[in-house]
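Read the structure below first, then the notes.
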Amino acid sequence: MKGIGKYWGYLVLLLLITAWWTSAVGPLALVVLSVLVMVFFLFRAPVFCCAVNRDGSLCRNNSRGLLLGCSYRQHKLQKLKMTIVPHQWRALNRGLWVSPKEGLATLVSVGGLVSTVTSLVMLAVKS
Numbered sequence: 001m002k003g004i005g006k007y008w009g010y011l012v013l014l015l016l017i018t019a020w021w022t023s024a025v026g027p028l029a030l031v032v033l034s035v036l037v038m039v040f041f042l043f044r045a046p047v048f049c050c051a052v053n054r055d056g057s058l059c060r061n062n063s064r065g066l067l068l069g070c071s072y073r074q075h076k077l078q079k080l081k082m083t084i085v086p087h088q089w090r091a092l093n094r095g096l097w098v099s100p101k102e103g104l105a106t107l108v109s110v111g112g113l114v115s116t117v118t119s120l121v122m123l124a125v126k127s
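Sequential numbering of the sequence shown, starting at 1, is according to the UniProt record's numbering.
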């Protein structure tokens with residue numbers, strides 16, 4: 001995708017914030033918007049790879065999302081392994097705060113998770 005198409009998640013984030021602020025939509029719409037925000041920032045947002053290189057530095061290649069690596073196959077496997085294996089969460093956390101872009105994506109992903117859980121609870125209570 002070229003141009004503004006690869007930043008569609010920021011528009012959905014703005015819609016989600018507006019929906020929470022105004023309380024004009026139901027819990028189902030909040031769930032859908034929250035999941036879309038999480039999917040974008042975890043798997044589609046343009047960020048740095050941040051996999052650990054052999055010399056201990058972090059990879060600065062472009063990547064899509066916080067949980068996917070760059071074009072190197074080893075970095076994709078490493079990021080997946082860092083997500084699943086508990087004793088490697090520290091290395092994953094190190095890469096989540098490298099620059100403001102990654103920090104924003106991390107905070108929005110956590111906020112999207114909180115929003116999803118809260119919306120699901122609201123939906124369950126309403127039913």
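For each residue, glycine too, the CB sits at the ideal point set by N, CA and C.
For the 8 Å CB-CB criterion, threonine 106 and serine 34 do not form a contact. By the Cβ-count criterion, serine 109 is buried, with 16 or more other Cβ atoms from all chains shown falling within 10 Å of its own Cβ. Taken in chain order, the unbroken stretches of beta strand (DSSP E) that lie wholly in the stretch 25-58 and span 3 residues or more are 46-48. Under the three-pair Cβ rule at 8 Å, the stretch 33-49 counts as touching the stretch 62-82.
DSSP links asparagine 62 through a beta bridge to Phe48. By the Cβ neighbour-count rule, glutamine 78 is buried, with 16 or more other Cβ atoms within 10 Å of its own.
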